[in-house]
Amino acid sequence: MKHLYLACMCIMGFFAVQAQQPVITNIAPMRTYPLDTVLITGSGFDVPASVQVWFDHVKGRVVSASEFSILVAVPAQARYHNVEVINLTTRLSAKSPLKFLSSFSGTSFDPAKFQSVDLSTNSPSVFDLCSADLDGDGKPDLIGTRNDGGTDLVVLHNKSAVGAVSYTKYDKSNLPVLNLTQPTQHIACGDLNMDGKPDVVASRAGPTANSIFVFRNTSGAAPGFAGAIELFLDIGNLARQVAIHDLNGDGKPEIIVANSANTSNLYVFVNQSAGGALSINPTPLKFSVAGAPNTLALELQDFDNDGKTDIMASQNQGANLFFLKNTSTASVNFAAAQTISVVGTINDIGSADFNHDGKLDLVVTSVFGGQVFLLLNQTSGGTVSFSSQIPAATGTGPFGVECADINGDGFADIVVHNRQVSYISVFLHNGNSTSPTFTSSTIATPSKQGWFSRVADFDGDAKPDIVFTSAVGIGASNTITMLRNQNCHKPVILNEPPLAICPGQTIRLKSIPIPNVTFEWIKDGATVKPAGIDPFVYITSAGSYTVKATGEGGACAVTSAPLVVGSGTGAVPADAAIAPIAQACAGGNLTITANAVPGATYSWQGPNGFAVEETDNQLVISSVTPAQAGIYSLRLKMGGCTGDEDAEEAIVADVGSFTISSSNPSQTLCEGENLTLSVGSAPGRSYQWIKDGADVGGQTTTTLMLTNAAPASAGSYQTRITFGGCSEETSPTTVVIRKKPVANFTVGTACMNEEIAFTNTSTVDGLPGVAYTWSFGDGGTSTDFSPTHPYADSPAQDPSLTVNYTGLPTCTSTISKAITVLAPEAPEIIASAPDICPGKTVTLSLTAMYTSIEWFSGSASIGTSPTVDITEPGSYAVAVQNTNGCAGRSDVVIDRSADCSTVVIVVPNMFSPNGDAQNDRWEIRGIDSVPDCTMKVFDDRGVKLWDKNGYDINGWDGTYNGKALPDGVYFYILTCPDRKPMTGSVLIVK
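According to mature numbering (1 follows the signal peptide of the UniProt record, and there is no 0), the stretch in the sequence shown is residues -19 to -1, 1 to 971, in order.
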């Protein structure tokens, strides 16, 4: 057997949750016929008595249930909407992200086959509707608001039988708790406290409409409610459409309220219920819808497939839609609103997956434009986008919009109620998933002035009806009307062709079971099973089989297409027998073993269209995912014969994907600080923290706190998450704990105007990324390890050093030291004379003692003694260093004497070079002050005996060529610059 369906993958478990919260991983199939069974897989479920599955406004019959799966029969009155699982033990719930479609298999659509039935007449009129099985009898009741002078809600208690519509009306006259003394406008139904009974939320109408009313369902055999709880918006705001949906993933649905006042705020009332006690936080959260002056219509769904419920809103009958992406974690939060461009006057929003791509598309009414617009969801990679609007003409004043499979072809259609014409506009899907288009049709209504509609099966025959409100005027016949769907059911034999039957074999043929329809089975034109309620027949021979379905009191009698059953040859194989399937872990192998039958072919079928034939009795699916959990069936084939089917459920436990987050994103902290590591919480998981490959004792929660961390706490951390016997470890994260630094430094000799050396002696942990910040006290700074710095003034300074680690400013140490900066040394120079003549000597000396002295003439060093003799005029300097190590320098200028030209040169007329140290040399006095003189000595024959250029301090020793001259008279010529030559004689006497 093969069904039409879509796999529903749900990304859940990203929120912090309490208790064991349901998580829906997969629903298979997501499209099927009423009364068929679907398998819901995930976790956080329970035994059948403690779990409910709601197909929007009615519950399904739970066939079996466990922690990981629920097999549930689709109720005939399932409404096209998200499937909700409620765990009555934990009082928590989960919804599927896609909408489930139940299709009754219809013939060609006939708009005339809708019976108009007035359910109630109301004065004042009823405006908006929601539907829910209030009393648990399996029949969806109707609850309506009054905004035209009414002060109570209206409840229509469903007493219908299949094909026979009947309702009992409750209002303030027979159920006083419904009296609010205020008008109401919009309404939503949903279980707020998870007690298995849907509650009601209505928005206040009128000029003072800044509140909503919450009714807790207390129904027994008849509808009942606790007194309404009023929750308030800001004064001056106007509550409009309301919705009920879990926003923060804690398993408890919030209340969301549109606001049509001149403000862009949407309101969210957070659900704080526990243990079945209803508790809604009265202080709402407010979220700005940028670009919208107000809001009116709401559609809450997961539009970007990230597992979180987003908000799509319209402004009050204005252009454009506004998308608020859900970014909630433990608390409710949304990203800034994104504008979806739509030209028109939007009044209502609906959604459906029209092209079966796993993404919900949008449909909106343009109330003053007489149109409905389709926008296909083109979201990709987390970026939300929709196609340009695809228009279709409606009647005048299109108001509410609903999506449902109105003609039973397995595709969602569009139903629009019009305000100013006496018909409902219906747009039928063409059945093309790739390129959906729609055929327009109309269904007549008894009057104009329609408001909102509710499309679903209300009488239990599995065919969607249309219930709508109308308001002719105060005191007039304002009705709630049902258009009961009387279109015919088209029977289908569900056995897959080709089908063969072998001698001695019995095969069960089956058709779609529809309430209040009889089935007649026919073989080769002859009845083999008379008309009855059984949608199946057992056959033992080949032939052409059909089934005729008769319903609607005989008005519908439709025969199916034939199924030709051929004659098989060979022996009928043994019936398939699958052993109980061991639970698999996501990413591992799913192994399914059946009885071994030699020579048989094993024909397997499973979730998501899985089909394979093997010659081995063991089926192994590798790298299994939760989408492959579900029912696996097997038939054995031998030759042309196929045995009976067996089926077993396969469970795939998915631990999920987890990453470690940190209170310090750098994962680096200073010793003594605190760090919190955490992983996301998901229902049913257990946790074990691991450090450097070893389990950390006692650390079994979603968080690990490193308090007053010591260096020993550094290391590689992971979390092992276990679920359903499966374990996964997170990727490791490294925690670095840095030793707290100790800043210190020494200072060299502190002399003003000199580069003073600062030597860093700080203690750090030796890891890279150390930052040094110097402040020298005079405005100067440095980031060098050991800098130098000069001080220009101020003898007292307080330099400081701060040491920390890059990216870790809290791990720091600072030290400051007071230093005295010594003034520069200025040595005093004393000159023996203020000026000098060439050939003369002036002595320069210092008045104090120094450890280092160096004299300079220009840049040339001329001595390192405390004194120095100079013989030339010029600029002289001395550089010194005192006992403190401070340097100093002074300069002195020795000028040339003004009277150097009066120097007297005296030439002695005799000398006695006899070696007695008495007048042994001929020394000329005064010539030392007259440079560049030339002396020449001759004998009496004119022979030149001595020729000397420049002053010779030692004079002449009376020799010629190294030999002593004899006693006698010798002659000289002395030539000096700027002077007349001097001549004379000198006597040598020994």
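Where a beta carbon is used, it is the ideal one built from N, C-alpha and C, also for glycine.
Assigned with DSSP and collapsed to three states, Ile387 falls in coil, not helix or strand. For Ala773, there is no enclosing beta strand (DSSP E), as DSSP marks it with neither H nor E.
Using a C-beta cut-off of 8 Å, the region 356 to 363 makes no contact with the region 396 to 408, since fewer than three inter-stretch Cβ pairs fall below that distance. The three-state reading of DSSP puts Asn890 in coil, since its state is none of H, G, I, E or B. Setting aside the 5 residues that flank it on each side, Pro771 is surrounded in the same chain by Asn734, Glu735, Glu736 and Ile737, each with a C-beta closer than 7 Å to its C-beta; the list follows chain order.
Here the alpha carbons of Gly580 and Pro511 stand approximately 39 Å from one another. Given a length threshold of 3 residues, each whole run of the beta strand (DSSP E) inside the region 224 to 251 is given here in chain order: 235 to 240 and 246 to 250. DSSP, read as helix, strand or coil, puts Pro379 in strand. Residues of the same chain with a CB within less than 8 Å of the CB of Pro554, apart from the 5 flanking positions on each side, are Val578, Ala581, Leu617, Lys618, Met619, Cys622, Thr623 and Gly624 in chain order. In the three-state reduction of the DSSP assignment, Val158 falls in the helix class. By the Cβ neighbour-count rule, Pro234 is buried, with 16 or more other Cβ atoms within 10 Å of its own.
For the 9 Å CB-CB criterion, Gly758 and Ser781 form a contact. With a cut-off of 8 Å on Cβ pairs, the region 637 to 647 is not in contact with the region 41 to 53, counting fewer than three such pairs. Sequence-distant Cβ neighbours of Leu409 in its own chain, meaning closer than 7 Å and more than five residues away, are Phe90, Asn388, Asp394, Phe419, Thr420 and Ser422. Apart from sequence neighbours up to five positions away, the residues of its chain that approach Gly855 with a beta-carbon distance below 7 Å are Ser838 and Ile875, ordered along the chain. For Thr244, same chain residues with a beta-carbon under 7 Å away, outside a window of 5 residues either side, are Asn218 and Asn275 in chain order.
Look at the region 561 to 586 and you find these whole runs of beta strand (DSSP E), each 3 residues long or longer: 571 to 574. By the CB criterion at 9 Å, Ala294 and Phe303 fall inside the cutoff. Met463 is bridged by DSSP to Val98 and Val448. Using a C-beta cut-off of 8 Å, the region 97 to 106 makes no contact with the region 71 to 87, since fewer than three inter-stretch Cβ pairs fall below that distance.
Excluding its 5 nearest sequence neighbours in each direction, Met686 has C-beta neighbours in its own chain below 7 Å: Asn655 and Thr657, listed in chain order. Look at Glu652 here: in three-state DSSP terms it is coil, with no helix or strand label. As a beta-bridge residue in DSSP terms, Val723 pairs with Thr744. Three or more pairs of CB atoms, one per stretch, sit closer than 8 Å, so the region 747 to 764 contacts the region 781 to 793.
Three or more Cβ pairs closer than 8 Å define a contact, and the region 80 to 88 meets that threshold against the region 466 to 484. Around the beta carbon of Leu343, 16 or more other beta carbons lie within 10 angstroms, which makes this residue buried.
When only Cα atoms are considered, Ile671 and Asp27 end up about 31 Å apart. Straight across, the Cα-Cα distance linking Ala565 with Ala203 is about 46 Å.
For the pair Cys384 and Val324, the CB atoms are not nearer than the 9 Å cut-off. Among the bridge pairs identified by DSSP, Glu630 is matched with Ile612. Counting C-beta pairs with one atom in each stretch, the region 162 to 178 and the region 117 to 129 have three or more that are closer than 8 Å, which means they touch.
For Trp927, the enclosing beta strand (DSSP E) stretches over residues Lys925 to Asn930. Beta-bridge annotation (DSSP): Cys732 is paired with Leu803.
Beta bridge pairing from DSSP links Gly125 with Leu110 and Val135. Distance check between Ile210 and each of Leu173, Pro494, Ser269 and Val950 places Leu173 closest, using alpha-carbon atoms only.
For Glu710, the three-state secondary structure derived from DSSP is strand.
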